[in-house]
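The structure appears right after this line, and notes come after that.
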Amino acid sequence: MQTLRGVVSLARSFKSATPVRLAPGVSVFVRAPHTLQFGLDATRTGIIETPYATELAQLIDGTFEPISLHHLTRSLQSRIRAASGTAESLIADLLSYRIFVPVIDLPVLVIGKSPLAAELKSQLASSGIQVRVPLTPETEPDFVVASDQSAPLVLVDQLPHATQFAQLVKYRTGPTVAVSLFDSRVLIGPLRTSATDPCQACVQQHLRDQDAGWDTAATHVPQGPRSPDPVLVRAGGAAAAVFIRRVAGVPDPPGVSAPHPVPGEFHVADPFGPVPLAVHQLQRHPDCPVCF
Numbered sequence: 008m009q010t011l012r013g014v015v016s017l018a019r020s021f022k023s024a025t026p027v028r029l030a031p032g033v034s035v036f037v038r039a040p041h042t043l044q045f046g047l048d049a050t051r052t053g054i055i056e057t058p059y060a061t062e063l064a065q066l067i068d069g070t071f072e073p074i075s076l077h078h079l080t081r082s083l084q085s086r087i088r089a090a091s092g093t094a095e096s097l098i099a100d101l102l103s104y105r106i107f108v109p110v111i112d113l114p115v116l117v118i119g120k121s122p123l124a125a126e127l128k129s130q131l132a133s134s135g136i137q138v139r140v141p142l143t144p145e146t147e148p149d150f151v152v153a154s155d156q157s158a159p160l161v162l163v164d165q166l167p168h169a170t171q172f173a174q175l176v177k178y179r180t181g182p183t184v185a186v187s188l189f190d191s192r193v194l195i196g197p198l199r200t201s202a203t204d205p206c207q208a209c210v211q212q213h214l215r216d217q218d219a220g221w222d223t224a225a226t227h228v229p230q231g232p233r234s235p236d237p238v239l240v241r242a243g244g245a246a247a248a249v250f251i252r253r254v255a256g257v258p259d260p261p262g263v264s265a266p267h268p269v270p271g272e273f274h275v276a277d278p279f280g281p282v283p284l285a286v287h288q289l290q291r292h293p294d295c296p297v298c299f
């Protein structure tokens, strides 16, 4: 997978055909003579001091479609009529601030047909991710086995089948994330990247520890509420999409500084509760039939 650092390096080489695009949500304006600001919050967004602030703002405002680094740099060079190194350095700054981001192939496999699954697929697709799902009459297990083993796999509302899927994906080389509607909350994770990380069967065991009748409840409500609150579906889908975007390698918006999810990371989206998003580190359960 191509990283942002790699793209910046390519920008400095001034020889790349790597396509980039303007990051969603970018706002650019000339704050003062020779000062360019990106976004409203000056304490968080990037500020560049350059004698070419006006030309740079015009270039950014006029870029609507993906463009190669080579042509982007050449376009700026023609506007400012300066040496190629100057334009190259300015473009590298824009990449480091994530004003421009690479256009790269980021597939994510999604299992699930619930309202939450539909919402999550939509949000991931709108983020530029290539969402891949089973095709009729392909079964979900067959899809998982036949698909790219390095691509992120998302299991949506599959709690009753947690052990089956945990066995199936135990030795996948790519990350696996489960997302489940859980009454008025959405459970996201744990992130599993290897056979030594906690799995969905571990989650089942932890739930059994909390409720001896968990298996009965899961059987009767296999995909959460029959008519889930639409706010919960959208808010939980958004929280899951942010998590999965980072797992897949989609750059965060400009000005955002957040750690990359780590194995075992487990989020609980609770939009109606006092803590809308709680972050936990899940451990493998000693009674997990998959891990041990």
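Numbering-wise (this note's numbering), the sequence shown opens with residue 8 and increments by one. Built from N, CA and C at the ideal position, the CB exists for glycine as well. Note that this is a predicted model, so its numbers are computed, not measured.
Can you give me the Cβ contacts of Arg252 inside the same chain, cut-off strictly under 6 Å, excluding the 5 residues immediately before and after it?
Ser134
Say whether the stretch 263 to 282 touches the stretch 147 to 157, bearing in mind that this needs 3 or more beta-carbon pairs closer than 8 Å, one atom from each stretch.
no
Check whether the stretch 204 to 222 touches the stretch 177 to 194, taking contact to mean three or more Cβ pairs, one atom from each stretch, closer than 8 Å.
yes
Excluding the five sequence neighbours on either side, which residues of its own chain have a C-beta within less than 6 Å of the C-beta of Ala173, listed in chain order?
Cys206, Gln207, Ala208 and Val297
Give the straight-line distance between the Cα atoms of Val37 and Thr146, rounded to the nearest whole angstrom.
54 Å
Write down the C-beta distance between Ile87 and Thr80 rounded to the nearest angstrom, noting that I regard them as a contact closer than 8 Å.
Contact doesn't hold; Cβ gap of about 11 Å is too wide.
Counting along the chain, where does the alpha helix (DSSP H) carrying Ala153 start and finish?
Glu147 to Ala153
How many angstroms separate the CA atom of Leu289 from the CA atom of Ala39?
48 Å
In the DSSP output, what is Gln212 paired with across the bridge?
Partner(s): none; Gln212 has no beta bridge.
Can you round the beta-carbon distance between Ala285 and Asp277 to whole angstroms, since I take them to be within the 8 Å contact cut?
7 Å
Within 10 Å of its beta-carbon, does Ser121 have 16 or more other beta-carbons around it, so buried, or fewer, so exposed?
buried
With a floor of 4 residues, list each alpha helix (DSSP H) that falls wholly inside the stretch 161 to 225, ordered by position along the chain.
169 to 175 and 207 to 217
Going by CA-CA distance only, name the one from Asp149, Ala202, Ser201 and Glu126 that's closest to Asp236.
Glu126
Rounding to the nearest angstrom, what Cα-Cα distance links Ala124 and Tyr59 in this structure?
46 Å
Near Arg291, what residues of its chain come up, given a Cβ to Cβ distance below 7 Å and the 5 sequence neighbours on each side ignored?
Pro205, Cys209 and Cys298
Note down, in chain order, each residue of its chain lying with its Cβ closer than 6 Å to the Cβ of Arg51, except the 5 sequence neighbours on either side.
Gly262
Taking Leu47 as the reference, which of His213, Gly32 and Val161 has the closest Cα?
Gly32
For the stretch 74 to 152, which segments carrying the beta strand (DSSP E) assignment without a break, of at least 3 residues, lie completely within its bounds, in sequence order?
107 to 109, 114 to 118 and 137 to 139
Tell me whether Ile251 sits in a helix, a strand or coil according to DSSP, three-state version.
helix
Please report the straight-line C-alpha distance between Leu66 and Leu160, rounded to a whole angstrom.
38 Å
For Thr42, write down the residues that DSSP places opposite it in a beta bridge.
Ala39 and Glu56
Roughly how far, in whole angstroms, is the beta-carbon of Val152 from the beta-carbon of Val27, given that I think they are within contact range, below 8 Å?
With a Cβ gap of about 35 Å, Val152 and Val27 do not count as contacting.
Just curious, the beta strand (DSSP E) that Glu72 is in, first and last residue?
Glu72 -> no beta strand (DSSP E), and no H or E assigned at all.
Return the first residue and the last residue of the beta strand (DSSP E) that Phe2 is part of.
A question about residue 2 goes unanswered here, because the residues of the chain that appear run from 8 up to 299.
Using DSSP's beta-bridge definition, name the partner residues of Glu272.
Gln288
For Pro229: DSSP bridge partner residues:
Gly231
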